[in-house]
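In full-length UniProt numbering, the protein residues as written are 1 to 308.
By construction, the Cβ of each residue, glycine as well, lies at the ideal position given by its N, Cα and C atoms.
These numbers were taken from a predicted model, which means no experiment stands behind them.
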């Protein structure tokens, strides 16, 4: 059985940058607070915890004493979070992904344009996702988070709208939402000339992964998709793999790999989300190889030949 790790899988640029910043701070000061899990992967969070990274869920009086620094992860934070850190005298180690930071600025600018017009900022994403919370905090104009067309109910389609997407969402799904908004505005205004701006804000690194994953999944009998269960990006990419290859299974760590999944498989592919570390994919690959070797047919032991 051949086991192959997808060379395109693993941490995206923003996650790599955040983890390096954390490791650098830990090496110099021994401990560091992180607001929320630095990455949606429990195994990597545990590794960094052993190095001294302490995850907290809020900036308030319950923070551990004698802490001077707090890391803001790649997902980004709303302005109010920076204000809280300043009030408590915490130095912010800002690991916000540059792509997310640029998106935050765009949302803020859109809010300034739309507020006087009674318009709406629409953000396609998950309402409880850290990145979306950070985006919603950039403006106080009328704004709405949508995850499906059902969430469009109640939006004033007679007023200007600017659309943005959470960076890790599917570009295909984003286009579907944008098309639905366009159709509603054309109906409400009775015209094709509508005040709608659709910003292309899906991360290009995430978007390019989709075609690559389809090809990778189709080249293997079985696919083991390695991702934390909380990863929005992981769930989306795993669904793409499953559509391309029904024998795709999501695992969070090597122990979850089941022997029955690999029956009659000659080629097993290992891939993961943008929040999946390479070392974890390697561990899953090793587990698959162990299972493969255990089920290799044993050659019969013959009697030694005698020569005269």
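Can you grab the Cα-Cα spacing for the pair residue 55 / residue 71, in whole Å? Each residue's Cα considered, the two are about 9 Å apart.
Alpha-carbon spacing of residue 235 relative to residue 253, whole angstroms: 15 Å
With residue 168 and residue 203 assumed to form a contact (beta carbons below 8 Å), what rounded beta-carbon distance in angstroms separates them? 6 Å
Helix, strand or coil: which one does DSSP assign to residue 52? coil
Could you tell me the distance, in whole angstroms, from the CA atom of residue 178 to the CA atom of residue 163? 7 Å
So is the beta-carbon of residue 19 under 7 Å away from any non-hydrogen atom of the ligand COA? By its list of ligands, the structure shown contains no ligand whatsoever, and the ligand COA lies outside what it can speak to.
According to DSSP, simplified to helix, strand and coil, what is residue 156? Three-state result, residue 156: coil.
Beta-bridge partners of residue 296, as assigned by DSSP: According to DSSP, residue 296 bridges with nothing at all.
Here's a check: name, in chain order, each residue in its chain whose Cβ is nearer than 8 Å to the Cβ of residue 151, leaving out the five neighbours to either side. 144 and 145
Could you give the residue range of the beta strand (DSSP E) that holds residue 194? That residue, residue 194, is in no beta strand (DSSP E); it is neither H nor E in DSSP.
Quick one: give me the first and last residue of the alpha helix (DSSP H) that residue 26 is part of. That run of the alpha helix (DSSP H) goes 13-29.
Which of helix, strand or coil does DSSP assign to residue 61? coil
Considering only residues of the same chain and omitting the five flanking positions on each side of residue 137, which have a CB-CB separation below 7 Å? 78, 79 and 80
Report all residues from its chain with a CB closer than 7 Å to the CB of residue 382; omit the five preceding and five following residues, and keep chain order. Limits of the chain in this structure are 1 at one end and 308 at the other, which puts residue 382 out of reach.
Where residue 308 falls, given that 16 or more other Cβ within 10 Å makes a residue buried: Residue confidence for residue 308 is low, a pLDDT of 42 falling below 50, so the modelled location carries little weight; the figure read from the coordinates is stated next. Classification for residue 308: exposed.
Using three-state DSSP, classify residue 200 as helix, strand or coil. Judged by DSSP in its simplified three-state form, residue 200 adopts coil rather than helix or strand.
Taking C-beta to C-beta, are residue 265 and residue 222 nearer than 8 Å? yes
Got a sec? Which residues, its chain only, sit under 8 Å from residue 140 by beta carbon, not counting five neighbours each side? Taking residue 140 as the centre and dropping the five residues before and after it, the same chain places the C-beta of 111 and 115 closer than 8 Å to its C-beta, in chain order.
Is the distance from the Cβ of residue 282 to the Cβ of residue 244 below 8 Å? Taking 8 Å as the cut-off, the Cβ atoms of residue 282 and residue 244 do not count as close.
Fully enclosed by the segment 90-170, which beta strand (DSSP E) runs are 3 residues long or longer? 91-94, 120-124, 143-146 and 161-165
Using the rule of at least 16 other Cβ atoms within 10 Å of the residue's Cβ for burial, across every protein chain shown, is residue 131 buried or exposed? buried
Using the Cβ count rule (16 or more neighbours within 10 Å means buried), how would you classify residue 306? Caution is warranted here: a pLDDT of 47 is assigned to residue 306, below 50, making its placement in the model unreliable, and the coordinate value is therefore given only provisionally. Result: exposed.
CB-CB under 7 Å to residue 181, same chain, minus the five flanking residues each way: which ones, in chain order? 122, 152, 161, 163 and 196
Run of the alpha helix (DSSP H) containing residue 85, from where it starts to where it stops: 79-87
By how many angstroms is the C-alpha of residue 126 removed from the C-alpha of residue 12? Between residue 12 and residue 126, the C-alpha separation is close to 20 Å.
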